[in-house]
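Below you'll find the structure, written out as structure tokens, and then a few comments.
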Amino acid sequence: LKATTAYCYRFINNARSSETKQFGPHTVKELTSVLHFLIKREQNTHFSQDINIIKTGRSIAKGQLKALNPLIDNHGLLRVGGRLKNAAIEDDQKHPIILTAKSFLTDLIVRHEHERTLHSGPTLLLATLRQKFWPIAGRNSTRKIVRQCIVCFRARPTNYQPQMGNMPASRLKPARPFLTTGVDYCGPIFIKTTKQRSAKLIKAYITVFVCFVTKAIHLELVTDLTTEAFLAALDRFIARRGICADIYSDNGRNFFGA
């Protein structure tokens, strides 16, 4: 759209004056001027009353632009106001150009930025847009463009949800806690050898016993991953919870040795 409009502008200028004819590729100045013209046209269509209020020196009392404290720049463009006049950033970042949500031009600008940023997501797309523009309802606009993008749709991964098998009977039949138990380790953690502040820290692990039926948890502290340490933890567990009918593990060496 910018290139087509720029060609029309160049044709009109070349037809009016033979001394200042322009040829070759479009310059950045030409494309920027055309973009400002198109945006200004859309702003005059959708925000004509607000623009008239600002030109008379009054403040906008209601509407979509009230919270933006808008102003009109030297090119007649409606921009976001604010307190960043003295900031060491670009003028477009200080006062972004306001874009209406109900405009095909806004969709084209958002789509162009989406492709320029290598099909970024809605959050990154909105952040890069606000370096120059401030689209009304920007989150909805960026989400709509990303959702309509064919490239993003084809590249969007789908979550694989495998079909799970039937649960074992030991997990479904009512039974007392820890009759059927699973065991594993978590850690390491560091514990003090004494209660003194300067006590030495040693590495330790936690033996986790989980009841298959009630999902109750029993924890036992061990100082290493040897078979002897596991057997001691198992003895303490059985002394408190009773003998288990079945114990399941990941067949670790310490479990296999026990």
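Each step along the sequence shown adds one to the number in the UniProt record's numbering, with nothing skipped, and position 47 is 47.
Here a beta-carbon is modelled for each residue, glycine too, at the ideal position from N, C-alpha and C.
Keep in mind that this is a model prediction, so the values were computed, not measured.
Distance between beta carbons of residue j and residue i, contact taken as under 8 Å
i: Lys-2; j: Val-34; result: 5 Å
i: Arg-79; j: Pro-96; result: 6 Å
i: Leu-221; j: Ile-206; result: 6 Å
i: Asn-13; j: Thr-20; result: 7 Å
i: Thr-100; j: Pro-122; result: Contact doesn't hold; Cβ gap of about 19 Å is too wide.
i: Lys-85; j: Ile-72; result: Contact flag wrong, Cβ pair sits at about 15 Å.
i: Phe-178; j: Ala-216; result: 7 Å
i: Asp-92; j: Gln-131; result: 7 Å
Counted within 10 angstroms of its Cβ, other Cβ atoms place residue i as buried (16 or more) or exposed
i: Ser-103; result: buried
i: His-119; result: exposed
i: Ala-87; result: exposed
i: Gly-57; result: exposed
i: Ile-51; result: buried
i: Gly-242; result: exposed
i: Leu-65; result: buried
i: residue 260; result: For residue 260 there is no data in the structure shown, the boundaries of the chain being 1 and 258.
i: Gly-165; result: exposed
i: Phe-23; result: exposed
i: Leu-201; result: exposed
Contact set for residue i: own chain, Cβ-Cβ below 7 Å, skip 5 residues either direction
i: Ser-170; result: Thr-180, Phe-212 and Asp-246
i: Asn-69; result: Gly-81 and Gly-82
i: Ser-48; result: none
i: Arg-197; result: none
i: Leu-126; result: Gly-138, Arg-139 and Thr-142
Residues that residue i bridges to, as DSSP identifies them
i: Gly-182; result: Val-210 and Tyr-248
i: Arg-79; result: Leu-71 and Ile-97
i: Ile-189; result: Ala-204
Cut-off 8 Å between Cβ atoms - residues of its own chain near residue i, not counting five sequence neighbours on either side
i: Ser-249; result: Gly-182, Val-183, Asp-184 and Phe-255
i: Leu-105; result: Leu-1, Leu-38, Ile-39, Glu-42 and Leu-99
i: Gly-76; result: Lys-40
i: Cys-186; result: Tyr-205, Ile-206 and Val-208
i: Lys-173; result: Val-213
i: Ala-199; result: Lys-192 and Thr-193
i: Pro-188; result: Lys-203, Ala-204 and Tyr-205
i: Arg-236; result: Glu-220
Cβ shell of residue i (< 6 Å), same chain only, five flanking positions each side left out
i: Ile-145; result: Val-110, Arg-111 and His-114
i: Ala-233; result: Thr-207, Glu-220 and Val-222
i: Val-210; result: Gly-182 and Ile-217
| Residue ranges of each beta strand (DSSP E) within the stretch 192 to 241, 3 or longer | 201 to 211 and 217 to 222
| Ranges of the alpha helix (DSSP H) found wholly within the stretch 98 to 180, counting only runs of at least 4 | 104 to 116, 122 to 129, 138 to 148 and 150 to 155
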